[in-house]
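Engineer:
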Amino acid sequence: MLSLLGMLIFSSFGKSVCHGNSVGVAIVVAVSLLCWGTSEARAAGFALVQQGTAAMGQGNAFVAEANDASAIFYNPAGLNQLKRAQVYQGSFFNYPDREFSGGGQDSQTNHRIYRSLTAYIAIPVHDRVALGLGFFSPFGMGTAWPPTWAGRYITTFSSLHTYNLNPVVSVKVLENLSLAAGFNVLWSKVRLKRKTPVVLGGRAFPDGEIGLTGEGSGAGYNLGLHYEPWSGLKLGVAYRSKIEVNHSGSLNTTLPVPVPGPNSDGQASIVFPPSLTMGIAYSRLKPFTFEFDTTWTGWSTYDQLKVNLDTPVPVNGVMTTTITTPKNWHDSWAFRFGANYEVNETMKLRAGYIYDLTPVPDSTFDPQVPDANRHIFTVGSDLKVFQRFTLGFAYNYILSESRTKSNSVVVNGVPAPLQANGRYNSDVHSLGLSWSFQF
């Protein structure tokens, strides 16, 4: 997605590149990459909710159960259910496959595995007070298209990593009601590449390549509620605030002509969206437990991308230090169904289903990671190897509905060519492994 803005800025310079000198080429490439690099964090559909294998195995419907240390992410008010201190570590592997068909061309993303980690420590310090510390990646993305695909001027490679440190405290205010609050410090880092056309003096050269690394940090908070009105019925609510991250980027270019690639700096303030999850768990039909969750995510915080440049540049024939692209994302909902079956004291089996609605309107749909409504099918299990040591496993198959891109994206009010319009299909295989130890 970062690359899209870069392509758009570049296209607005198209005529000057084809007929200008080497300095013009350098300025165009620099501006395009800078804008491309600072737009990443708004990516819809990149909220990572797979932060624990118990939740992941049952459709991430876990806000009302929240009965292990991963509750720090899902609902920290559930920590008061733990009677012993617990250490929890999880690893998650995502294998996306995305396909494009349009304009007589077919393309497929390169095969890559993207990994994220979680780590939690939960400590009951009193009968009514529990403390927790979590480290996880709440947002992330990765895409690797072939260097010659139809949308190579939009993107060829992208990766977004976020790292969130989340201390929490949970207090049992009544025997059946717990409240929690936490503080979040979020770091994000991005690495991007795309191709760029180079034409000098009417002569076309092989494509150049532009790349960027950028990073930033921000802070927010989270809240939780866990209520058990009667035995076997639990209610949960968890809220995570928006987090504004000020990204700074540095760029480099590789051109097939004897022109030094420029370096430049720029900034963009990106808001990671807030979210609210509500759920109910019912366990009176032993050995089954059933849960239903619904999550609202406030992606409308990303209504436009505004990039501020350190040096004025020409865009559509006008010198400017501000480049704006409308996004108009809307708030979205996800619906999660899950169940677990306690085979015996040492094993649980889990299964679930998620229907996840995309927040991306047709007018701003793009191929960085083609976002669409998703159907997610999940299975998992827990195995207690020793009395206090548990292994967790979960698998998700994420199937996106087929979607056609036929829009026109604009920069500073001017449409850009080379839209890479066509049909996009994608699916993702996701595997989660975890271990936990109770002291």
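Following our numbering, the numbering of the sequence shown begins with 1324 at its first residue and continues without gaps. Each residue gets a CB set at the ideal place from its N, CA and C atoms; glycine is no exception.
1. Identify which residue in Met1670, Asn1719, Thr1687 and Ile1477 has its Cα closest to the Cα of glycine 1375.
2. What would DSSP say about isoleucine 1477, mapped onto helix, strand or coil?
3. Measuring straight from C-alpha to C-alpha, what distance separates alanine 1377 and aspartate 1530?
4. Between which residues of its own chain and phenylalanine 1762 is the CB-CB distance below 6 Å, once the five residues before and five after are set aside?
5. By Cβ distance, which residues of its chain are closer than 7 Å to threonine 1361, with the 5 residues on each side in sequence left out?
6. Is the beta carbon of tryptophan 1652 closer than 8 Å to that of valine 1692?
7. Hey, out of Gln1373, Asn1744 and Thr1576, whose CA is closest to glycine 1427's CA?
8. Where does asparagine 1667 land, buried or exposed, given buried means 16+ other C-beta within 10 angstroms?
9. The alpha helix (DSSP H) with isoleucine 1533 in it runs from where to where?
10. If you drop the 5 nearest sequence neighbours on each side, which residues of the same chain put their C-beta closer than 8 Å to that of threonine 1687?
11. Starting from glycine 1380, trace the alpha helix (DSSP H) both ways and give me its first and last residue.
12. Answer with buried or exposed for methionine 1464, where buried requires no fewer than 16 other C-beta atoms within 10 angstroms of its C-beta.
13. Looking at the structure shown, is glutamine 1431 part of a helix, part of a strand, or coil, going by DSSP?
14. Would you decide whether lysine 1671 is buried or exposed? Buried here means 16 or more other CB atoms lie within 10 Å of its CB.
15. Count the C-beta pairs between the segment 1432–1449 and the segment 1535–1552 that are closer than 8 Å, then say yes if the count reaches three, no if not.
16. What does DSSP give as the partner residues of tyrosine 1303 in its beta bridges?
17. Tell me where the beta strand (DSSP E) around tyrosine 1747 begins and ends.
18. Give me whichever residues DSSP pairs with aspartate 1705 in a beta bridge.
19. Measuring only the C-alpha atoms, how far is glycine 1547 from glycine 1382?
20. What span of residues does the beta strand (DSSP E) with phenylalanine 1506 cover, start to end?
21. Distance check for threonine 1669 and valine 1448, CA to CA, integer angstroms please.
22. Glycine 1703: which of Gly1661, Pro1597, Arg1607 and Ala1657 sits nearest, CA to CA?
23. Identify every run of the alpha helix (DSSP H) within the segment 1572–1609, keeping only runs that are complete inside it and at least 4 residues long; order them along the chain.
24. Out of Ala1674, Leu1371, Ala1657 and Tyr1676, which has the shortest C-alpha to C-alpha gap to leucine 1483?
25. Let's see if you can read the secondary structure: which residues bound the alpha helix (DSSP H) around tyrosine 1397?
26. When DSSP builds the beta bridges, which residues end up paired with glutamate 1724?
Structural biologist: In brief:
1. Residue 1375 sits at position 52 when you count from the first residue of the sequence shown. Taking only the C-alpha atoms, the option nearest glycine 1375 is Asn1719.
2. Locating residue 1477 in the sequence shown gives position 154, where the first residue counts as 1. In the structure shown, isoleucine 1477 sits in coil (DSSP, three-state: anything other than H, G, I, E or B).
3. In the sequence shown, residue 1377 corresponds to position 54, counting from 1. In the sequence shown, residue 1530 corresponds to position 207, counting from 1. Each residue's Cα considered, the two are about 47 Å apart.
4. Residue mapping note: residue 1762 aligns to position 439 of the sequence shown, counting from 1. Arg1407 and Ala1408.
5. Here residue 1361 corresponds to residue number 38 of the sequence shown, with the count starting at 1. Any reading at threonine 1361 must be qualified, since the residue scores a pLDDT of 32, below 50, and its modelled position is unreliable; no value is offered.
6. Translated into the one-based positions of the sequence shown, residue 1692 becomes position 369. Translated into the one-based positions of the sequence shown, residue 1652 becomes position 329. It is not a contact, given that the beta carbons lie outside the stated cut-off.
7. The sequence position of residue 1427 within the sequence shown is 104, counting from 1. Considering only alpha carbons, the answer is Asn1744.
8. Translated into positions along the sequence shown, residue 1667 becomes position 344. Classification of asparagine 1667: exposed, given that the 10 Å Cβ count is below 16.
9. Position 210 of the sequence shown, counted from the first residue, corresponds to residue 1533. Run containing isoleucine 1533: none in the alpha helix (DSSP H); it sits in the beta strand (DSSP E), 1526–1553.
10. Position 364 of the sequence shown, counted from the first residue, corresponds to residue 1687. Taken in chain order, the residues that qualify are Pro1649, Lys1650, Asn1651, Trp1652, Asn1730 and Val1732.
11. Here residue 1380 refers to the residue found at position 57 of the sequence shown. Its alpha helix (DSSP H) spans residues 1376–1380.
12. As a position in the sequence shown, residue 1464 is number 141, starting the count at 1. The residue in question, methionine 1464, is buried, as its Cβ has 16 or more Cβ neighbours within 10 Å.
13. Here the question's residue 1431 lines up with position 108 in the sequence shown. Of the three classes helix, strand and coil, the one that applies to glutamine 1431 here is strand, per DSSP.
14. Translated into the one-based positions of the sequence shown, residue 1671 becomes position 348. Buried, because 16 or more other Cβ atoms sit within 10 Å of the Cβ of lysine 1671.
15. no
16. Residue numbering for the chain in the displayed model covers 1324 to 1762; residue 1303 lies beyond these limits and cannot be assessed.
17. By 1-based counting over the sequence shown, the position of residue 1747 is 424. First-last of the beta strand (DSSP E) with tyrosine 1747: 1745–1761.
18. Against the sequence shown, residue 1705 aligns to sequence position 382. DSSP, once it has assigned bridges, lists Lys1671 and Gly1715 as partnering aspartate 1705.
19. Walking along the sequence shown from the start, residue 1547 turns up at place 224. Walking along the sequence shown from the start, residue 1382 turns up at place 59. The straight-line gap from Cα to Cα measures roughly 20 Å.
20. As a position in the sequence shown, residue 1506 is number 183, starting the count at 1. That run of the beta strand (DSSP E) goes 1500–1523.
21. For the purposes of this step, residue 1448 is taken as residue 125 along the sequence shown, with counting starting at 1. For the purposes of this step, residue 1669 is taken as residue 346 along the sequence shown, with counting starting at 1. So the two alpha carbons sit approximately 27 Å from each other.
22. Taking the first residue of the sequence shown as 1, we reach residue 1703 at position 380. Minimum Cα distance to glycine 1703 is reached at Gly1661.
23. none
24. Here residue 1483 refers to the residue found at position 160 when the sequence shown is read from its first residue. Among Ala1674, Leu1371, Ala1657 and Tyr1676, the Cα nearest to that of leucine 1483 is on Leu1371.
25. Translated into the one-based positions of the sequence shown, residue 1397 becomes position 74. Element bounds for tyrosine 1397: 1394–1397.
26. The count along the sequence shown starts at 1 and reaches residue 1724 at position 401. Glutamate 1724 is not bridged to any residue.
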